[in-house]
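Visitor: Chains as they are written, first to last, in the numbering used here: chain B, 207 to 518; chain F, 15 to 209.
C-beta atoms are modelled at their ideal positions from N, C-alpha and C, and glycine is treated no differently.
On a predicted model such as this, the values are computed, not experimentally measured, just so you know.
Here's a structure for you.
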């Protein structure tokens, strides 16, 4: 039952009084007007409590839509670790199928195929005299002026009317040096010099197109199927013969170890995933890298049989 | 007064069962609330985003152990607060800045400027004096006021979140602040009455 007397603080912390002020609750309003009629001496306190509650409103400082979009991507990326293991198995099955199809195409269309295995790079000279450097675990096919890339490749030299195809993007080369990255979750193109035109194709046919200028990096995400310009800051300079990480989250380091070196990475907890790591090693000696990570993270990493790395 | 508490619990239970969509729903709902809360402690938005990312990912990877959470809101706020304050104190330790006070953190509270009622000159004036009072409160008082009036958390939840030994301390903290506000409003009224 209601009390006869209220202090200002008591009014302000009374849920019915707050419902009247903040939610304009009709029932509460009637109740407090009746109470006030019976206790007119409280008019002043009610006014003060009403004013204070009206003033105690938040200054909007929530995340912006851009913040939310960024977090969505960060969560997808970080939690993608688990999904990727499943996808890997799935793509292993799909890959053998693709291989059959592409061998079929090979005989029909005479595409030449060059692949690199785990932990190796290879330089390929195209018929027009230009060069392509393939990163580890990459397949290049070419026929005439068309090149297909699965993996990561760096194009340099004078290219004439070259068109680079991936399953979700086409890059039309207008004389240039650029890097293309086409693996499971996204396709990235980094333009060092010259000029290229990129457009969505295959699964990202609706992604539109863009002209790139030197220093730009474009990323096509498999989830959103949208192209966006991103900062090339953390670009891995594998073409210099070293694997370089600068302030790179460990989950990204792990992704490189999986994609380029065929390691299988297991996380016993995710606390290490966002830890940032800086360091480099020769492309053909990941032992140095693994030892460096181990020394930084106090033996919370172990390398087991079958190329399995476990982060505790 | 916990708003929508049943919905919270439902989403939480789905999330504990490992439903990825429940995770998306969970973070999309709680991220803005926790972001705002964290923003009261620090202006460093990228730090807040890092802390919250780690927080939600840890939550997801250990979700099955968190099946018995009763009050999702206070549970999340306790955990996020602890994590954020740990990171902030680590940063402070690194910059070797000792504030020499009993309070190990800052809590900032800005009253809304765009509330329609505040457009009236008199109320605008009062808002300023109340803001002045709020600025003079201790960090813990400001935080308690924020949790109670802006986040609708009861004394019990506040005592839990702010690690108070007894629930009544939360009430005392808030009442003292409200009394100060009342006094300044009364003085302000006299003043405007005189003018």
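#1: Is the segment 504-515 of chain B touching the segment 228-241 of chain B in the sense that three or more CB pairs, one from each, lie closer than 8 Å?
#2: Could you pull out every unbroken alpha helix (DSSP H) segment of at least 4 residues lying fully inside the segment 313-359 of chain B, listed in chain order?
#3: Which term fits residue 417/B, buried or exposed, when burial requires 16 or more other beta carbons within 10 angstroms of its beta carbon?
#4: By DSSP, does residue 34/F sit in helix, in strand, or in coil?
#5: Just confirm the distance between the C-beta atoms of residue 479/B and residue 503/B, as a whole number of angstroms; I'd bet it's less than 8 Å.
#6: Rounded to the nearest angstrom, what separates residue 409/B and residue 374/B at their Cα positions?
#7: Starting from residue 506/B and walking both ways along the beta strand (DSSP E), at which residues does that stretch end?
#8: Buried or exposed: where does residue 229/B fall if 16 or more other Cβ atoms within 10 Å of its Cβ makes it buried?
#9: Would residue 248/B be called buried (16 or more neighbouring beta carbons within 10 Å of its own) or exposed?
#10: Is the shortest distance between the beta-carbon of residue 214/B and the beta-carbons of chain F less than 8 Å?
#11: For residue 281/B, go through chain F and note every residue whose CB falls closer than 9 Å to its CB, in chain order.
#12: Using beta-carbon positions only, say whether residue 461/B and residue 432/B come within less than 8 Å of one another.
#13: Are residue 151/F and residue 191/F touching if we call contact CB-CB under 8 Å?
#14: Can you tell which of 429/B, 427/B and 422/B has its C-alpha closest to the C-alpha of residue 435/B?
#15: Express the C-alpha separation of residue 392/B and residue 343/B in angstroms, rounding to a whole number.
#16: Measuring alpha carbon to alpha carbon, tell me which residue in 140/F, 119/F and 172/F is nearest residue 198/F.
#17: According to the Cβ coordinates, are residue 156/F and residue 125/F closer than 8 Å?
#18: Sorted by chain position, which residues of the same chain lie with C-beta nearer than 7 Å to residue 218/B's C-beta, five sequence neighbours on each side aside?
#19: Closer than 8 Å by beta-carbon distance: list the chain F residues that pair up with residue 477/B, in chain order.
#20: Does the beta-carbon distance from residue 471/B to residue 515/B come in below 8 Å?
#21: Here's the rule I'm using: 16 or more other beta-carbon atoms within 10 Å means buried, otherwise exposed. How should residue 419/B be labelled?
#22: Would you please verify whether the beta carbon of residue 263/B is less than 8 Å from any beta carbon of chain F?
#23: Starting from the C-beta of residue 83/F, find all residues in its chain whose C-beta is less than 7 Å away, skip the five residues before and the five after it, and write them out in chain order.
#24: Rounded to whole angstroms, what's the CA-CA distance from residue 441/B to residue 428/B? Just pull it up for me.
#25: Give me the residue from 346/B, 318/B and 333/B with the minimum Cα distance to residue 327/B.
#26: If you draw a straight line from the alpha carbon of residue 389/B to that of residue 180/F, how long is it in whole angstroms?
#27: Distance cutoff 8 Å, beta carbons only. Does residue 45/F sit that close to anything in chain B?
#28: Below 8 Å CB to CB, which residues in the same chain sit around residue 324/B once its five sequence neighbours on both sides are set aside?
#29: Would you decide whether residue 87/F is buried or exposed? Buried here means 16 or more other CB atoms lie within 10 Å of its CB.
#30: Pull up the CB-CB distance for residue 352/B and residue 331/B, whole angstroms please, since I reckon it's below 8 Å.
#31: Which residues does DSSP pair with residue 497/B in a beta bridge?
#32: Label residue 50/F either buried or exposed according to how many other C-beta atoms from any shown protein chain fall within 10 Å of its C-beta, with 16 as the threshold for buried.
#33: In chain order, what residues of the same chain lie with their CB nearer than 7 Å to the CB of residue 482/B, ignoring the 5 residues before and after it?
#34: How would you write the range of the beta strand (DSSP E) that residue 369/B sits in, first residue to last?
#35: Can you give the Cα-Cα distance for residue 143/F and residue 57/F, rounded to whole angstroms?
#36: Helix, strand or coil for residue 162/F, going by three-state DSSP, please let me know.
Guide: Per the coordinate set shown:
#1: no
#2: none
#3: exposed
#4: helix
#5: Between residue 503/B and residue 479/B the Cβ distance is about 12 Å, and since that is not below 8 Å, they are no contact.
#6: 5 Å
#7: Run containing residue 506/B: none; DSSP gives neither H nor E here.
#8: exposed
#9: buried
#10: yes
#11: 37, 38, 41, 67, 70, 71 and 74
#12: no
#13: yes
#14: 422/B
#15: 16 Å
#16: 140/F
#17: no
#18: 255, 258 and 259
#19: 68 and 72
#20: yes
#21: exposed
#22: yes
#23: 26 and 89
#24: With a pLDDT of 48 at residue 441/B, under the threshold of 50, the predicted position of this residue should be treated as unreliable, and no value is reported.
#25: 346/B
#26: 56 Å
#27: yes
#28: 342, 343, 466, 467 and 468
#29: buried
#30: Actually they do not touch by this definition, with Cβ atoms about 16 Å apart.
#31: Beta-bridge pairing links residue 497/B to no other residue.
#32: buried
#33: 453, 454 and 455
#34: 369-371
#35: 24 Å
#36: helix
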